[in-house]
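Working notes for the structure below.
Protein chains: 2
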Amino acid sequence: MATIYDVAKEAGVSIATVSKVINETGRISEQTRKHVRAVMKELDYQPSLVASALTKKRTNTIGLMLPDLSNLFFAEVARSVEDRAHEKGYNVVICSTDNDAGKEEKYLAWLRQKRVDGIVLATGMQSDKSVKSLLDARLPVALVARESQRLAVDTVRVDDFLGGYLAASHLAQLGHERIAVIAENLRVSSSRERVEGYKKALEEAGLPFDESLVAVSSFDIEGGKEATRRLLALDRPPTAIFACNDLLAIGCIQVGRATGRSVPSQLSVVGFDNTLIASLAEPPLTTVAQPIPDLGRHVVDLITQEIDGGKQAKQRVVLVPELVLRGSTGPAPR
Amino acid sequence: MATIYDVAKEAGVSIATVSKVINETGRISEQTRKHVRAVMKELDYQPSLVASALTKKRTNTIGLMLPDLSNLFFAEVARSVEDRAHEKGYNVVICSTDNDAGKEEKYLAWLRQKRVDGIVLATGMQSDKSVKSLLDARLPVALVARESQRLAVDTVRVDDFLGGYLAASHLAQLGHERIAVIAENLRVSSSRERVEGYKKALEEAGLPFDESLVAVSSFDIEGGKEATRRLLALDRPPTAIFACNDLLAIGCIQVGRATGRSVPSQLSVVGFDNTLIASLAEPPLTTVAQPIPDLGRHVVDLITQEIDGGKQAKQRVVLVPELVLRGSTGPAPR
DNA sequence: GTGAAAGCGCTAACAA
DNA sequence: TTGTTAGCGCTTTCAC
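Going down the list, the sequences are from chains A and B. First residue of the first sequence? That's 0 in numbering that gives the first Met the number 0, and the numbers climb one at a time after it. First residue of the second sequence? That's 0 in numbering that gives the first Met the number 0, and the numbers climb one at a time after it.
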């Protein structure tokens, strides 16, 4: 593998000159520039970014931590982060934590050792401690699709409260009076907010809040199924369910049908995220859409701004979710 | 950010000593080891992997190029690659190429400059040229879910021929006589092989091969829909379709229904991959399952072996696909 | 316009 | 068992 020395020698110039033509800095005559370029090509020279990272203190890499890359929502987030990062000249190193505190900590240390320029967190972060340590180390951090109320950190997310409100309002307007909600994990702010929005909607619709209609589960289809079974086994089962993500919603539909309820005529279901599977479900899922590409773009913009140091105040970008009406919701049965 | 010098000074030893305790090399007394460790912790010292990469000529990073991270099949592949890589101490840098030759080339150059230790390719690689250039540069390369007949390179994939054969045989056994196939792209070996397996199955079943029943499309739902429309508009339309991936299959089902055909009683559909969406489709998709976790594990094992230099001969690992029977296939209508 | 030389933070002989 | 020192491949003053 050719080094800058090889190029310099072959071109009959100093390494400083070669460096300047690589980086297009300093003043180099058109003639030598061309010549050096030719030699670089001839030698198939690839400047070492690890060497330059050592001197420049910039790796042009950002770390992305998320719960699970094979979860479509996060895969789509990752893709949008990747795209924007590439546009801005950054590589992305992805770490799936499975929401495991141990992995989280391990990967975080690893990313620091790799000297990534910044870290984007899409994980629920069990504790704020890890984030805090990054902040203390003055490493640029930004959260996406998650929030930490306690910490001053760049954040971009959708208005989860509004999302929950939209979902529940929609169901209330359809005449449902027993509306349940399935949340992933009440310790994660996004889930909590969605449930709060749901409560607000019930209140506005003059419906009583019933604690037993709030189910908590894991974040996958299985969790949705299991929670739905519990809800439908209630004395006065719900006629509509707001699931905090599309996967959970799919689980609802499956169990609803398995127990002989047709969707939406006997059971209405609303999801959240609007990933590809929402449109594939049968019936297609009415769901609260997150503008995923915008999430990715914004969070990368925030973190690169911070990396470049051109920014002082931390920002919280809140995007507006939108209710997408499809076939899984209908008038309350009577 | 503390450096090895800071630690050495604070601990009253030389940097060589610190280096030895970091890497657990050489012989260090238990006492100084403990002391140095304590100082490292106290200073929140994170050894710079970029500096050590410069001397060790190892970044402990592997690049992963794939068409699209937000495509569930590739997301699952990426997740399995990531997991195995982490187990072995490697980070993964992901690049989505959209099968765009320009991006492919750009990312490849980039990964080389980053001095990744190896590159895993899950892209269809328009031309073998890019792969060739990596091989020439003696950079470890491995293909997953793709093959290059012409190049001597580590490969792990599923037996696509067998997969196509299983799918078409199943349909033939159900009595279908007009069986169509939708392929992504005949320049990609995996698609080609699946079609060949399909042909073989037809032949064994004594069915004639009809060129007009082979449709080529893009790799997403839209492509599946569009191809299905063409097929169903034929004078003698097919009663069964083998789609080369689950997304295409979903498209088939949607168009089949939109044109008034019920699935599977009037139109049978088989997919490929067995991603999560196959089980979510309505009806659930009969599909050829790829053992994705094994693909990821094997390809990482192959490439790390090559990185470690403990391997000479290139290997081609071929895993066996399995037909998963669900609800999208049934007896031919009569 | 160009080059000499001093680092960047670490590893790996080789001495001591 | 520990320390000295010469790189690794590049960037960046600062002379010339």
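Think of the CB as a built atom: it goes at the ideal place given N, C-alpha and C, for glycine as much as any other residue. Predicted model only: the values in this text are computed from it and were never measured.
The segment 313-325 of chain A touching the segment 155-163 of chain A, judged by at least three CB pairs closer than 8 Å
Contact check between the segment 313-325 of chain A and the segment 155-163 of chain A: three or more CB pairs, one atom from each, fall below 8 Å, which counts as touching.
Measuring CB to CB, does E183(B) end up less than 9 Å from F208(B)?
Pairing E183(B) with F208(B) gives a Cβ-Cβ distance that is not under 9 Å.
Is there a Cβ from chain A that is less than 9 Å from the Cβ of Q112(B)?
True, the Cβ-Cβ gap to chain A drops below 9 Å.
Whole angstroms is fine: what's the gap from Q172(B)'s alpha carbon to K102(A)'s?
Distance between the alpha carbons of Q172(B) and K102(A): 48 Å.
For a cutoff of 9 Å on Cβ pairs, would you count V20(A) as touching chain B?
V20(A) does not count as touching chain B.
Counting Cβ pairs closer than 8 Å, one from the segment 228-244 of chain B and one from the segment 129-138 of chain B, do we hit at least three?
The segment 228-244 of chain B, when compared against the segment 129-138 of chain B, does not touch it at the 8 Å Cβ threshold.
CA nearest to the CA of E86(A), picked from G308(A), L322(A), H297(A), E321(A)
Distances from the CA of E86(A) to each of G308(A), L322(A), H297(A), E321(A) were compared; the closest alpha carbon is that of H297(A).
Any beta-carbon of chain A closer than 9 Å to the one on N90(B)?
Closer than 9 Å to some Cβ of chain A, the Cβ of N90(B) qualifies, so yes.
Using CA atoms only, rank isn't needed, just tell me which of W109(A), R145(A), F271(A), I220(A) is closest to L133(A).
Comparing Cα positions, the closest option is W109(A).
Residue burial classification, L230(A) (beta-carbon count within 10 angstroms, cutoff 16):
By the 10 Å Cβ count, L230(A) comes out buried.
To which residues of the same chain is R325(A) closer than 6 Å at the C-beta, ignoring the five residues directly before and after it?
The beta carbon of R325(A) sits closer than 6 Å to the beta carbons of P283, L284, T285 from its chain, once the five residues preceding and following it are set aside; these are given in chain order.
Residue range of the beta strand (DSSP E) that includes S51(A):
Here S51(A) belongs to no beta strand (DSSP E); instead the alpha helix (DSSP H) covers 48-55.
Whole angstroms are fine: how far does the CA of M0(B) sit from the CA of L201(A)?
Distance between the alpha carbons of L201(A) and M0(B) is about 51 Å.
Residues of chain B with CB closer than 7 Å to the CB of L279(A), please, in chain order.
Result: I249, I276, L279, A280.
Distance CB(V76(B))-CB(A141(B)) smaller than 9 Å:
The answer is no: Cβ separation not under 9 Å.
Please report whether the beta-carbon of P46(A) lies at a distance below 9 Å from any beta-carbon of chain B.
Yes, because at least one Cβ of chain B sits closer than 9 Å to the Cβ of P46(A).
Applying the criterion that 16 or more other CB atoms from any shown protein chain within 10 Å of the CB defines a buried residue, is A167(B) buried or exposed?
Counting the other Cβ atoms within 10 Å of the Cβ of A167(B) gives 16 or more, which makes it buried.
In angstroms, rounded to a whole number, what distance separates the CA positions of G174(A) and Y164(A)?
Rounded to whole angstroms, G174(A) and Y164(A) show a C-alpha spacing of 15 Å.
Find the residues of chain A that neighbour D67(B), judging by a C-beta separation of less than 9 Å, and give them in chain order.
In chain order: R78.
Have a look at S216(A) and S147(A) and give me their C-alpha separation to the nearest angstrom.
Going from the Cα of S216(A) to the Cα of S147(A) covers about 21 Å.
Chain-ordered neighbours of A50(B) on chain A, where CB pairs are closer than 8 Å:
Ordered by position in chain A, the residues that pass the 8 Å Cβ test against A50(B) are L53.
Start-to-end residues for the beta strand (DSSP E) that takes in C94(A)
Start and end: 90-95.
Host beta strand (DSSP E) of S267(A) (start-end):
Its beta strand (DSSP E) spans residues 267-272.
For M64(B) and chain A, any beta-carbon pair shorter than 9 Å?
Closer than 9 Å: no.
Measuring alpha carbon to alpha carbon, tell me which of G196(A), F72(A), Y89(A) ends up nearest T122(A).
Looking at the Cα atoms, F72(A) is the closest of the given residues.
What's the call for N22(B), buried or exposed, on a 16-neighbour Cβ count within 10 Å?
Classification for N22(B): exposed.
Using three-state DSSP, classify A141(B) as helix, strand or coil.
Strand, per DSSP.
Is G117(A) helix, strand or coil when you go by DSSP?
In the three-state DSSP reduction, G117(A) falls in the strand class (E or B).
From what residue to what residue does the alpha helix (DSSP H) around D153(B) run?
For D153(B), there is no enclosing alpha helix (DSSP H); the residue is part of the beta strand (DSSP E) that begins and ends at 153-157.
Helix, strand or coil: which one does DSSP assign to A179(B)?
Correct three-state label for A179(B): strand.
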